[in-house]
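Novice: Pasting a structure below so you can have a look.
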Amino acid sequence: MIQSLRGMNDIMSPDNKRFEYFLSVATKIAKRYNFEYFEAPLLEETALFKRGVGESSDIVGKEMYQFIDKGKNDVCLRPEGTAGVVRSFIQNKLDRKGGTHRFFYHGSMFRYERPQKGRLRQFHQFGCESFGVDSVYEDASVIMMVADILKELGIGYKLQLNSLGDSNCMPQYRESLITFVTKHEDSICEDCKRRLSTNPIRVLDCKNTSCQNIYVDAPKLINNLCDACESDFEKLKTILSKNDIDFEVDTHLVRGLDYYSKTAFEFVSDDIGSQSAIAGGGRYDKLVEFLDGRATPAVGFAIGIERLLELIKMPEDTRDGYYFGALDEVALETLISLAQKMRQKHRVVIEYKAKNLKKHLNAADKENVTFCAIIGENELNESKIWVKDLLNKEESSINFIDV
RNA sequence: GUGGGAUUAGCUCAGUUGGUUAGAGCACUGGUUUGUGGUGCCGGGGGUCGCGGGUUCGAAUCCCGUAUCCCACCCCA
1227 MIQSLRGMND IMSPDNKRFE YFLSVATKIA KRYNFEYFEA PLLEETALFK
1277 RGVGESSDIV GKEMYQFIDK GKNDVCLRPE GTAGVVRSFI QNKLDRKGGT
1327 HRFFYHGSMF RYERPQKGRL RQFHQFGCES FGVDSVYEDA SVIMMVADIL
1377 KELGIGYKLQ LNSLGDSNCM PQYRESLITF VTKHEDSICE DCKRRLSTNP
1427 IRVLDCKNTS CQNIYVDAPK LINNLCDACE SDFEKLKTIL SKNDIDFEVD
1477 THLVRGLDYY SKTAFEFVSD DIGSQSAIAG GGRYDKLVEF LDGRATPAVG
1527 FAIGIERLLE LIKMPEDTRD GYYFGALDEV ALETLISLAQ KMRQKHRVVI
1577 EYKAKNLKKH LNAADKENVT FCAIIGENEL NESKIWVKDL LNKEESSINF
1627 IDV
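Residues are numbered in the working numbering as their position in the first sequence, beginning at 1, plus a constant of 1226.
Below, the structure written as structure tokens:
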């Protein structure tokens, strides 16, 4: 038997219903926030992710599906969605055009990791990217949009918030942190030593308690923001509070991708195991420029669809449509013609085998239809079809012509 | 990439110190004195026990390897 590759799942019954439902809800809400549909290729030049996501990130450093294609191009299956949207934004000269542009997208992402619950090699994200708005109100809108989506799906969450500063205050802070950590280099773990050279900010969320004891005294970015970042962060917190969005400030929230600045946020759930982040995002004002576009402020997020699936509270399954069945084989052809007529407007389940009434009613019930329509010998003679409403148990006979 | 657990019917699981033809419930399917369902009764199909080696007269059971899933680390959605 040939099986699917490790960490690559099919989306089929019973998850397919939840998946579809998620997309319908997320799409509906994204449109309310004035985002439009967008789709980028799954395969891109490797350089896009190396530059866009950042070589110091784990995603680019060790998790990419990277290969050389037949044209000798160095290509990658996308490990995340933002870089592709930004590439397209620049390629289509929207950075030159100016104005605001808001896109939502959904599709497969690929990361070569060891799979576990909530972590797959091919997984699906729903994301939004907003370009051209530097106001922190847009950050708040985007966060409230995620909250709206989760709320409509009946999913509980915690929102963690942080500010990563901008090119004004971040580099300065980075230097002071490096100075601090270097002083303690002998006492920190191997991971942190590595982080010191690759991505020093990440030492702050080291899980090692002895490291944490040292970092208690480390300078905090939140105390070293420049005036602009500080005031934006305050504004953001105020807006969220005024709109009943609960959050906690987590100064260790640094995010794994290099492109974030200022606002960073993560929605987490306690109910799905150790892979608890269900959505994450933030502002990335420098990324467009960094990928050779004209400087454009931007903010966005991504939701991990698989991680949400089991948390979604589905609306109650309602009965819908018709079940068509025959008691005798002679009635089958007539049955199919009538069902075909009915299919122009309604969901119809047809049973091709003649069976007794009890079997048909049973099957109709299992198919979750509203009406069970049966033709037997009596009906055939009178050119009528017998229809039973499975909810109120009312029965009637309808002339073939009136179907 | 590192460490641990699991794998027997479509699903959830039994299976004794290694011993005849590997079981149950649910699901599926057929019949059920005569045309009424979601909850009656009787029957039926379905398993190279994850895969590959080894030990043994004999392996679902013991040993080795391997694949996949799960858990933790790492990291992220």
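Think of the CB as a built atom: it goes at the ideal place given N, C-alpha and C, for glycine as much as any other residue.
1. Work out the CA separation of Thr-1477 and Leu-1422 for me, nearest whole Å.
2. In the DSSP assignment, what are the bridge partners of Cys-1598?
3. Ends of the alpha helix (DSSP H) at Leu-1462?
4. Measuring CA to CA, which of Leu-1616, Thr-1560 and His-1586 is closest to Ile-1627?
5. Is it right to say Tyr-1549 is buried, meaning 16 or more other beta carbons lie within 10 angstroms of its own, or is it exposed?
6. Within a Cβ cutoff of 8 Å, which residues of the same chain sit near Phe-1516, ignoring the five residues on either side of it in sequence?
7. Would you say Ala-1565 and Ile-1576 are within 8 Å of each other, going by their C-beta atoms?
8. Opposite Arg-1328 in the DSSP bridges: which residues?
9. So, at 7 Å on beta carbons, what are the nonlocal neighbours of Phe-1261 in its own chain, with the 5 sequence-adjacent residues on each side left out?
10. For Val-1362 versus Asp-1458, is the C-beta spacing smaller than 8 Å?
11. Just grab the DSSP bridge partners of Gln-1348 for me.
12. Check whether the region 1363-1380 touches the region 1505-1525, counting contact only when three or more Cβ pairs, one atom from each stretch, lie closer than 8 Å.
13. Would you decide whether Ile-1228 is buried or exposed? Buried here means 16 or more other CB atoms lie within 10 Å of its CB.
14. At what residue ranges does the region 1365-1402 contain a whole run of the beta strand (DSSP E), taking only runs of 3 or more?
15. Taking Asp-1241 as the reference, which of Lys-1579, Trp-1612 and Leu-1537 has the closest Cα?
16. Just the C-alpha distance for Met-1335 and Pro-1341, rounded to the nearest angstrom, thanks.
17. Measuring alpha carbon to alpha carbon, tell me which of Asp-1543, Val-1475 and Ala-1521 ends up nearest Lys-1384.
Specialist: Let me lay it out:
1. Just so you know, the alpha carbons of Leu-1422 and Thr-1477 end up roughly 18 Å apart.
2. Tyr-1549 and Lys-1614
3. 1453-1468
4. Nearest of Leu-1616, Thr-1560 and His-1586 to Ile-1627, Cα basis: Thr-1560.
5. buried
6. Close CB contacts of Phe-1516 within its chain, under the 8 Å cut and outside five residues either way in sequence, are with Arg-1277, Gly-1278 and Tyr-1485 (chain order).
7. yes
8. Among the bridge pairs identified by DSSP, Arg-1328 is matched with Ser-1356.
9. Arg-1328, Phe-1329, Phe-1330 and Cys-1354
10. yes
11. Met-1234 and Phe-1336
12. yes
13. Exposed is the call here.
14. 1384-1389
15. Leu-1537
16. 14 Å
17. Val-1475
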